[in-house]
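Q: Here the sequence shown is numbered in my numbering, starting from 121 and rising by one per residue. In this text, a Cβ means the ideal position worked out from N, Cα and C, and glycines have one as well. What you are looking at is a predicted structure, and each value in this text was computed from that prediction instead of being measured. If you scroll down you'll find the structure; I have some questions about it.
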Amino acid sequence: MTMPISHLHPSAQPPAPVALLLGGGFTARAHLEALRRLGIPVAGVIASAPEHTEEIARRFGVRAYPDTWTALHDPAVTVVHDCAPSDVHVELNLAALKAGKHVFSEKPLGVTAGETRRQLDFARASGLHHAVHFTYRNYPVVRELRARVQAGELGELRFIRGHYLQDWLLSPEEYNWRLEASADETRALGDIGSHLLDLARFVTGLEPTGVFARLARMHGVRYRPGTLGDGPVPFLAQAEDQATVLVEYGADVSATFEVAQVYAGHRNDLEIELIGTLGAARWRQERPEELWLGRAGKPDEVVHKTASLSPDAAALVHYPPGHPEGYPDALTNGIRAFYASLAGKKTEYPTFADGHAAALAVAAAVRSHSERRWVGLTEVEPALPPRQGVSP
121 MTMPISHLHP SAQPPAPVAL LLGGGFTARA HLEALRRLGI PVAGVIASAP
171 EHTEEIARRF GVRAYPDTWT ALHDPAVTVV HDCAPSDVHV ELNLAALKAG
221 KHVFSEKPLG VTAGETRRQL DFARASGLHH AVHFTYRNYP VVRELRARVQ
271 AGELGELRFI RGHYLQDWLL SPEEYNWRLE ASADETRALG DIGSHLLDLA
321 RFVTGLEPTG VFARLARMHG VRYRPGTLGD GPVPFLAQAE DQATVLVEYG
371 ADVSATFEVA QVYAGHRNDL EIELIGTLGA ARWRQERPEE LWLGRAGKPD
421 EVVHKTASLS PDAAALVHYP PGHPEGYPDA LTNGIRAFYA SLAGKKTEYP
471 TFADGHAAAL AVAAAVRSHS ERRWVGLTEV EPALPPRQGV SP
């Protein structure tokens, strides 16, 4: 786990932060709302096409940049929020770092472990701050779960079970750019599975060592919208809709994970359960302020967001008990920690190292499915180039 500390000298006065949004979809809007809650100015936005950029800029009330180069080289901008599709993250994040900007990137950091390795190496060499939006780390009760694991309340961990299930791509006529992934990319596993893999790693402090996986598709043929009044256009779907994954965390801990975007009735059903020698604990994203605890010979317990949480969890609580805090609040917590680090404070947030760790587990799952065997994470770690300077 990475707990970065600002690299700035304590006496240095960093410039006032100004953000740039790359992308104009759901995540960009969520980032914008969080930034405005925190009082962080947003210089502008650049989206996938000029007309889209203009539309989003009017809606957001910010500047519409004419092109990516102009946006990244605006001297007023200090932080780039990469909310663009994941297949262009490597290009945009490296360009932002080369322009001297700190980067807060959406997940997954890249579509392959090679892409995430390049970004991690360059970010480390740059000395700039870098983060990945694994927002589920930032719920108070998730921090409470981690604190109780660290305190030994569950005993020695033995098993992990979890799932991340959605249904928004159930129909073959539902379309999203993620559906156009190539055969060597992932969709459900890389998109939402990376969240589950990161969450397990975060709350347990354990590193995955081996993966056995099966990837599947609900529909072999899907449809994209036609143009000029044409009907839907069929295309062959190559990436997975569903994944069943077994993960080993060393010799003593194993996990079973299920990921899908085609399970009817599951909207954003993320759940993780930890089973130890003294008890078990379970957290569900759709009931984010509750932590279920089970212990042999004792009544089950449900811990709610209260004033008696661990210090780490309590630091993320901003409203009194009974006032729900959810996804926008968790995203704001993550962005708050990142910007506090820019001011020289010691804070904790997921970095490109964590994005690369998730990518390695996904890469191992893809190879496991292809080769029908257990795959160690060391087998999919990209070879490092000669250390003669880092170049994108």
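1) Helix, strand or coil for Met123? Go by DSSP, reduced to three states.
2) Going by DSSP, which residues form a beta bridge with Leu140?
3) Among residues of its own chain, excluding the 5 on either side of Phe332, which ones have a beta-carbon nearer than 6 Å to its beta-carbon?
4) Using only the alpha-carbon positions, how far apart do His438 and Gln381 sit?
5) Any chance the region 316-331 sits against the region 254-267, with 3 or more Cβ pairs inside 8 Å?
6) Nearest by alpha-carbon distance to Pro419: which of Pro431, Leu429, Gly399 is it?
7) Three or more C-beta pairs closer than 8 Å, one from the region 456-470 and one from the region 290-306: is that the case here?
8) Within 10 angstroms of its Cβ, does Lys466 collect 16 or more other Cβ (buried), or is it exposed?
9) Starting from the Cα of Ala479, find the closest Cα among Pro328, Ala177, Gly396 and give me that residue.
10) Could you check where the beta strand (DSSP E) with Trp403 kicks off and where it finishes?
11) Using the Cβ count rule (16 or more neighbours within 10 Å means buried), how would you classify Arg342?
12) If you compare alpha carbons, which of Gly234, Val199, Thr232 is closest to Lys218?
13) For the structure I just gave you, are there three or more beta carbon pairs, one from the region 226-241 and one from the region 169-181, closer than 8 Å?
14) Does DSSP put His339 in a helix, in a strand, or in coil?
15) With C-beta atoms as the reference, is Val379 less than 7 Å away from Tyr284?
16) Name the DSSP beta bridge partners of Gln362, please?
17) With DSSP collapsed to three states, give me the class of Gly509.
18) Assign Gly509 to buried or exposed, taking buried as 16 or more other Cβ atoms, counted over all protein chains shown, within 10 Å of its Cβ.
19) Measure the CB-CB distance between Glu406 and Leu413 and report whether it falls below 7 Å.
20) Can you have a look at Asp361 and say buried or exposed, based on whether 16 or more other CB atoms are within 10 angstroms of its CB?
21) Skipping 5 residues on each side, what residues in its chain have a beta carbon closer than 7 Å to that of Arg298?
22) Under a three-way DSSP split, which group does Val500 fall into?
A: On the basis of the supplied data:
1) Bear in mind that the predicted position of Met123 carries a pLDDT of just 47, short of 50, making it unreliable; the figure below should be weighed with that in mind. Judged by DSSP in its simplified three-state form, Met123 adopts coil rather than helix or strand.
2) Leu140 pairs with Gly164, Val200.
3) The answer, listed in chain order, is Leu366, Ser488, Trp494.
4) Between His438 and Gln381, the C-alpha separation is close to 32 Å.
5) Under the Cβ criterion (8 Å, minimum of three pairs), the region 316-331 counts as touching the region 254-267.
6) Ranked by Cα distance from Pro419, the options Pro431, Leu429, Gly399 are led by Gly399.
7) Judged by Cβ distances under 8 Å, the region 456-470 makes no contact with the region 290-306, as fewer than three pairs qualify.
8) Counting Cβ neighbours within 10 Å, Lys466 comes out exposed, since fewer than 16 surround it.
9) Nearest of Pro328, Ala177, Gly396 to Ala479, Cα basis: Pro328.
10) If you look at Trp403, you'll find it in the beta strand (DSSP E) that goes 400-404.
11) Buried: at least 16 other Cβ atoms inside 10 Å.
12) Sorting Gly234, Val199, Thr232 by C-alpha distance to the C-alpha of Lys218 places Val199 at the top.
13) Three or more beta-carbon pairs separated by less than 8 Å are not found between the region 226-241 and the region 169-181, which leaves the two stretches without contact.
14) The three-state reading of DSSP puts His339 in coil, since its state is none of H, G, I, E or B.
15) Result yes, Cβ atoms of Val379 and Tyr284 sit closer than 7 Å.
16) DSSP lists Ala336, Ala380 as the bridge partner or partners of Gln362.
17) Here the model assigns Gly509 a pLDDT of 44, short of 50, so the residue's position is not dependable, and the following value carries that caveat. Note: Gly509 maps to coil in three-state DSSP.
18) Any reading at Gly509 must be qualified, since the residue scores a pLDDT of 44, below 50, and its modelled position is unreliable; no value is offered.
19) Not in contact: Glu406 and Leu413 (Cβ atoms no closer than 7 Å).
20) Residue environment for Asp361: buried (at least 16 other C-beta atoms within 10 angstroms of its C-beta).
21) Excluding the 5 residues flanking it on each side, Arg298 has same chain C-beta neighbours closer than 7 Å at Arg307, Asp311, in chain order.
22) Assigned with DSSP and collapsed to three states, Val500 falls in coil, not helix or strand.
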